[in-house]
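Counting along the sequence shown from 1, when you hit position 28 you're at 28 in the UniProt record's numbering, and nothing is skipped either side.
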Amino acid sequence: MLFFMGVCLSCRKSRLSSEKSEQISASATPLHVSVEEQEEPKLGPSFEDQDSGYTRMANTISNMRMTNPIKEMVSKRRIRLKQDGFNLDLTYIMDNVIAMGFPAEKLEGVYRNHIDDVVKFLEEKHKDHYKIYNLCSERKYDINKFRKMVATYPFDDHNPPKIELIKPFCADVHEWLSKDKRNVAAVHCKAGKGRTGVMICCYLLHGKYFSTADEALKHYDGMRTRDKKGVTIPSQKRYVGYYATLIQKNLNYTPVTLLLKEIHLEPLPACNGGQGCLQFVVSQSSTKVHSQVYEVKKGTTSMLIRIDRYVPLQGDIKVEFFNKPKLMRKEKLFQFWFNTFFVTEEVSPAELGTSDKASGSKVTDRSARAISCAEPSRVPALGMKQTRFVFC
1 MLFFMGVCLS
11 CRKSRLSSEK
21 SEQISASATP
31 LHVSVEEQEE
41 PKLGPSFEDQ
51 DSGYTRMANT
61 ISNMRMTNPI
71 KEMVSKRRIR
81 LKQDGFNLDL
91 TYIMDNVIAM
101 GFPAEKLEGV
111 YRNHIDDVVK
121 FLEEKHKDHY
131 KIYNLCSERK
141 YDINKFRKMV
151 ATYPFDDHNP
161 PKIELIKPFC
171 ADVHEWLSKD
181 KRNVAAVHCK
191 AGKGRTGVMI
201 CCYLLHGKYF
211 STADEALKHY
221 DGMRTRDKKG
231 VTIPSQKRYV
241 GYYATLIQKN
251 LNYTPVTLLL
261 KEIHLEPLPA
271 CNGGQGCLQF
281 VVSQSSTKVH
291 SQVYEVKKGT
301 TSMLIRIDRY
311 VPLQGDIKVE
321 FFNKPKLMRK
331 EKLFQFWFNT
341 FFVTEEVSPA
351 ELGTSDKASG
361 SKVTDRSARA
371 ISCAEPSRVP
381 ALGMKQTRFV
391 FC
């Protein structure tokens with residue numbers, strides 16, 4: 001049986017005498033007191049000023065978030081907005097188009113834009129005239145903080161958007177900005193650089209601010225980063241070029257089916273001292289449609305991968321290459337995306353582009369890629385005319 005201050009904590013009666021119990025109860029605060037019996041505590045000067053104290057504390061925390069040197073390190077070479085007490089990974093690409101990093105919460109807000117700071121900035125600078133465009137497929141946040149003025153056009157990091165996603169995004173931004181000359185569109189992904197740049201550049205083409213993909217990309221790169229390296233992933237640049245083609249030639253996008261015939265690698269990507277196993281995977285709409293593994297012998301400088309059965313491809317296609325050593329986990333070497341609608345029979349030097357490096361990869365700069373496809377309407381036995389799409 002347990003006791004606390006001479007009072008039995010069980011349901012049994014106290015073994016102490018009633019006299020001692022009365023003495024204890026007279027000198028000690030009762031353990032159970034009704035709300036009505038409790039006196040309202042008197043607040044001293046320090047308590048009377050607690051509201052202003054909390055305000056000062058909140059301002060101090062906000063200032064710490066704004067001046068946190070970790071944010072500068074994380075933003076790397078991205079240009080930050082530093083004015084009127086704000087220090088945000090945020091840039092005006094145009095007067096009414098903003099590129100910014102993800103508005104994070106909790107611990108992530110220590111090294112990225114804190115969502116409360118972003119809200120404060122937009123409320124002060126563009127109250128009732130801002131709309132957020134979230135491009136992240138991997139994360140969300142409380143849209144109520146932005147008065148629910150948030151539209152989502154998601155796609156994965158380090159990848160281009162589906163071609164069908166671009167025009168609705170551009171139309172949405174154009175409609176919003178056209179409603180009021182004071183309106184601004186704030187676009188973000190995670191870092192607010194690659195994915196954000198692709199979609200903003202497409203909008204700049206859509207809105208006739210620039211006539212070519214190179215012009216739009218150059219403008220964005222210079223406005224968003226100190227080293228003029230905004231959109232760097234080749235497949236993302238390729239899709240900006242795709243959208244420019246649709247606009248310049250006044251084309252309506254329609255899915256086109258091609259048959260994958262062969263893949264030519266020259267020079268071969270380095271793996272395991274020049275030998276090992278090379279695996280490639282072809283995906284369509286996030287679904288793997290073909291995969292093969294080839295042994296690479298030492299001294300091999302190029303490889304022609306022939307597809308036994310032609311693989312039908314339509315729309316956005318992702319091709320990934322892996323180094324697959326025996327008894328070891330496979331390592332991703334590189335990947336690239338293309339869309340079958342834009343594959344032409346002849347590829348000019350201006351259309352050539354590099355493949356997308358795998359994260360941390362140092363071996364893919366030297367690798368040229370070529371894919372041969374054919375139109376399914378042509379019968380192979382009758383001499384199918386092939387299309388060669390080059391990545392170098």
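Note that beta-carbon positions come from the ideal geometry of N, C-alpha and C, so glycine has one too.
Inter-residue spacing [alpha-carbon to alpha-carbon] between residue i and residue j
{"i": "Cys-202", "j": "Asn-183", "result": "19 Å"}
{"i": "Tyr-130", "j": "Lys-162", "result": "26 Å"}
{"i": "Phe-169", "j": "Asn-134", "result": "11 Å"}
{"i": "Gly-197", "j": "Tyr-242", "result": "15 Å"}
{"i": "Asp-316", "j": "Arg-238", "result": "12 Å"}
{"i": "Ala-171", "j": "Leu-204", "result": "11 Å"}
{"i": "Asp-156", "j": "Glu-138", "result": "7 Å"}
{"i": "Gly-85", "j": "Tyr-153", "result": "31 Å"}
{"i": "Asn-113", "j": "Trp-337", "result": "30 Å"}
{"i": "Ile-166", "j": "Gln-284", "result": "18 Å"}
{"i": "Asn-87", "j": "Asp-214", "result": "30 Å"}
{"i": "Thr-287", "j": "Lys-318", "result": "10 Å"}
{"i": "Lys-190", "j": "Gly-207", "result": "25 Å"}
{"i": "Glu-331", "j": "Gly-101", "result": "29 Å"}
{"i": "Tyr-92", "j": "Asn-250", "result": "29 Å"}
{"i": "Gln-248", "j": "Met-328", "result": "48 Å"}
{"i": "Thr-344", "j": "Leu-258", "result": "11 Å"}
{"i": "Met-94", "j": "Leu-122", "result": "16 Å"}
{"i": "Glu-320", "j": "Asp-356", "result": "9 Å"}
{"i": "His-188", "j": "Cys-136", "result": "8 Å"}
{"i": "Pro-234", "j": "Glu-164", "result": "19 Å"}
{"i": "Thr-340", "j": "Tyr-209", "result": "27 Å"}
{"i": "Asp-117", "j": "Lys-261", "result": "53 Å"}
{"i": "Ser-178", "j": "Ile-98", "result": "16 Å"}
{"i": "Asp-89", "j": "Leu-268", "result": "39 Å"}
{"i": "His-158", "j": "Ala-151", "result": "21 Å"}
{"i": "Pro-103", "j": "Arg-147", "result": "14 Å"}
6 Å CB neighbourhood of residue i in its chain, flanking five on each side removed
{"i": "His-290", "result": "Val-282, Val-311"}
{"i": "Pro-255", "result": "Gln-314, Gly-315"}
{"i": "Ser-62", "result": "At Ser-62, the pLDDT of 49 sits below 50, so the modelled position is not reliable and the matter cannot be decided from this model."}
{"i": "Val-173", "result": "Ala-185, Tyr-203"}
{"i": "Glu-124", "result": "none"}
{"i": "Lys-228", "result": "Asp-221, Gly-222"}
{"i": "Ile-143", "result": "Val-150"}
Strand pairing of residue i, partner residues [DSSP]
{"i": "Leu-258", "result": "Leu-313"}
{"i": "Thr-152", "result": "Asn-134"}
{"i": "Asp-356", "result": "Gln-335"}
{"i": "Ile-98", "result": "Tyr-92, Ala-186"}
{"i": "Tyr-243", "result": "Tyr-243 is not bridged to any residue."}
{"i": "Phe-321", "result": "Phe-280, Phe-334"}
{"i": "Asn-87", "result": "Lys-82"}
{"i": "Val-118", "result": "Partner(s): none; Val-118 has no beta bridge."}
{"i": "His-290", "result": "Val-282"}
{"i": "Val-296", "result": "Gly-276"}
Other residues of its chain near residue i: CB distance less than 7 Å, five sequence neighbours each side excluded
{"i": "Asp-180", "result": "His-129"}
{"i": "Leu-246", "result": "Tyr-253"}
{"i": "Gln-236", "result": "Pro-160, Gly-194, Val-198"}
{"i": "Phe-342", "result": "Tyr-242, Thr-245"}
{"i": "Glu-105", "result": "Ile-115, Tyr-141"}
{"i": "Glu-295", "result": "Cys-277"}
{"i": "Met-149", "result": "Tyr-130, Lys-131, Ile-132"}
{"i": "Asn-96", "result": "Leu-177, Asn-183, Val-184, Ala-185"}
{"i": "His-126", "result": "Val-184"}
{"i": "Thr-212", "result": "Ala-244"}
{"i": "Arg-309", "result": "none"}
Contact belief for residue i with residue j at Cβ below 8 Å, rounded distance in angstroms
{"i": "Gln-279", "j": "Phe-334", "result": "With a Cβ gap of about 12 Å, Gln-279 and Phe-334 do not count as contacting."}
{"i": "Ala-186", "j": "Trp-176", "result": "Incorrect: roughly 11 Å between the Cβ atoms, too far for contact."}
{"i": "Arg-224", "j": "Arg-78", "result": "6 Å"}
{"i": "Lys-324", "j": "Val-293", "result": "6 Å"}
{"i": "Lys-145", "j": "Val-119", "result": "5 Å"}
Neighbourhood of residue i by C-beta, 8 Å cutoff - its chain only, sequence neighbours within 5 removed
{"i": "Val-231", "result": "Lys-193, Gly-194, Gly-197, Val-198, Cys-201, Leu-217, Tyr-220, Asp-221, Lys-237, Val-240"}
{"i": "Val-33", "result": "No answer about Val-33 holds up, because its pLDDT of 35 lies below 50 and its placement is not dependable."}
Residue-level contact to chain D via CB, residue i, 9 Å cutoff
{"i": "Leu-246", "result": "Note that chain D does not occur in the displayed structure, where there is just one protein chain."}
*Segments of 3+ residues assigned as beta strand (DSSP E) that fall wholly inside the UniProt domain "Tyrosine specific protein phosphatases" (167-238)*: Runs of the beta strand (DSSP E) lying entirely within the UniProt domain "Tyrosine specific protein phosphatases" (167-238), each at least 3 residues long, are 184-188 in chain order.
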